[in-house]
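Undergrad: Numbering (the UniProt record's numbering), first residue to last: 1 to 83.
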Amino acid sequence: QIKIYKGDKAEGTAVESWTSEAGKSKELSLAPGTYTFHEEAAPTGYLKVTDITFQVKHDGTVEVTNVGEKDSKGEDNKVVTNG
Numbered sequence: 001q002i003k004i005y006k007g008d009k010a011e012g013t014a015v016e017s018w019t020s021e022a023g024k025s026k027e028l029s030l031a032p033g034t035y036t037f038h039e040e041a042a043p044t045g046y047l048k049v050t051d052i053t054f055q056v057k058h059d060g061t062v063e064v065t066n067v068g069e070k071d072s073k074g075e076d077n078k079v080v081t082n083g
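1) Have a look at Gly33, Tyr5, Gln55, Tyr46 and flag the residue whose alpha-carbon is nearest the alpha-carbon of Glu16.
2) Starting from Glu27, trace the beta strand (DSSP E) in both directions and tell me its first and last residue.
3) Going by beta carbon distance, what residues of the same chain come within less than 6 Å of Thr53, once the five residues before and after it are set aside?
4) Do Glu39 and Lys3 have their CB atoms nearer than 9 Å?
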């Protein structure tokens, strides 16, 4: 279960949430601002990632500002997590 929260902490009501599936991605349309990617639970056979804070800029680009996992990064306007 993945949740996206507005702000730099996984607090309050999530602005988006979904259940992740191996090999599938989720496309979101988020307004400019700071958000936190939070994984409630990892799929069977996977480890849960720590929270990732990222910023959506006015031009639509994404900048990861706080990475809990060293294999997480911003790439092609996506938050990519490997590991």
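Note that CB positions come from ideal geometry on N, CA and C, so glycine has one too.
TA: A quick look at the data gives this:
1) Tyr5
2) It is not in any beta strand (DSSP E) - Glu27 carries neither H nor E in the DSSP assignment.
3) Asp8, Thr36, Thr65, Asn66
4) yes
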